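Notes follow once the structure below has been shown.
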Amino acid sequence: MARYQAGAWELVDDLRGTKYWTADGVEHTQDALGALPVGVALEAPLPPPPSIEQQIASALADTYADVDAIYAAAIGSRAPEYEQTEQAALAFQAAGYTGTASPYVADYAATAGITDQQSADLIIARANGLRAAVLAMRSTRFTAQSAMRAATTQAELDAAVAAWRAFIAQVRTSLGL
Numbered sequence: 003m004a005r006y007q008a009g010a011w012e013l014v015d016d017l018r019g020t021k022y023w024t025a026d027g028v029e030h031t032q033d034a035l036g037a038l039p040v041g042v043a044l045e046a047p048l049p050p051p052p053s054i055e056q057q058i059a060s061a062l063a064d065t066y067a068d069v070d071a072i073y074a075a076a077i078g079s080r081a082p083e084y085e086q087t088e089q090a091a092l093a094f095q096a097a098g099y100t101g102t103a104s105p106y107v108a109d110y111a112a113t114a115g116i117t118d119q120q121s122a123d124l125i126i127a128r129a130n131g132l133r134a135a136v137l138a139m140r141s142t143r144f145t146a147q148s149a150m151r152a153a154t155t156q157a158e159l160d161a162a163v164a165a166w167r168a169f170i171a172q173v174r175t176s177l178g179l
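Mapping of the sequence shown onto the working numbering: residues 3 to 179, in sequence order.
Below, the structure is given as structure tokens:
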């Protein structure tokens with residue numbers, strides 16, 4: 003932009019309205035004609051990386067979210083139905099697979115094209131598998147959280163998180179999720 007000043011014309015930058023940040027991270031807006039101050043940045047500085055304490059807190063929260071996600075995928079809101087199905091399968095097994103199987107057992111057998119006994123055994127095996135996974139997740143979560151809390155370096159925290167994630171992946175695979 004051209005401006006007349008001190009008896010002469012001069013070309014000056016018109017950067018009014020331009021946002022800039024000083025070295026201390028404070029945002030400013032240019033409100034005068036002319037160049038921006040020396041040493042300023044035109045982009046906001048990146049936030050500092052999270053502290054190890056913040057990363058540990060996040061990793062600990064993730065352990066709960068990971069377990070909750072497995073519960074949601076494996077059971078959803080059908081826990082009462084699954085418990086009743088398991089009880090029906092156990093009762094049919096305890097009766098030596100004789101008599102009429104509960105609809106919880108027989109309906110699954112009919113849709114899967116298997117016998118009532120196979121249905122009961124499969125239901126019991128799946129329930130036992132889920133129960134074992136729940137216990138393993140609880141025990142391993144405690145161990146993983148302890149390792150995460152004890153981490154004093156990024157490498158230690160990364161190792162604890164990686165071990166937890168590998169375990170969760172294995173559980174998901176074992177449950178067919």
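Backbone N, C-alpha and C define an ideal beta-carbon position, used for all residues, glycine too. Since the structure is predicted, the reported quantities are computational estimates derived from the model, not experimental observations.
Cβ distance (whole Å) where residue i is taken to contact residue j below 8 Å
i, j, result
"Y99", "D118", "7 Å"
"A91", "V107", "5 Å"
"A1", "L177", "Nothing about residue 1 can be read from this structure; the chain reaches only from 3 to 179."
"I72", "R174", "6 Å"
Beta-carbon proximity list for residue i, same chain, < 8 Å, skipping 5 on both sides
i, result
"Q147", "L62, T65"
"A93", "S104"
"P52", "S60"
"E29", "K21, Y22, W23, A46"
"I54", "A153, T154, T155, Q156, L159"
"A127", "none"
"G70", "As written in the sequence, residue 70 is Asp, which differs from the Gly given in the question. Once the five neighbours on either side are set aside, D70 has no close Cβ partner at all."
Cβ neighbours of residue i in the same chain (closer than 7 Å, five flanking residues each side left out)
i, result
"A25", "G41"
Collapsed DSSP secondary structure at residue i in the structure displayed
i, result
"Q32", "coil"
"A146", "helix"
"A46", "coil"
"G131", "helix"
Residues bridged to residue i [DSSP beta-bridge criterion]
i, result
"D16", "G36"
"A10", "Q7"
"W23", "E29, A43"
Close Cβ partners of residue i (< 6 Å) along its chain, the five nearest in sequence each way excluded
i, result
"F169", "T142"
"A129", "E88"
"Y110", "S121"
Item to check | Runs of alpha helix (DSSP H) wholly within the region 63-113 (minimum 4 residues, chain order) | outcome: 81-96
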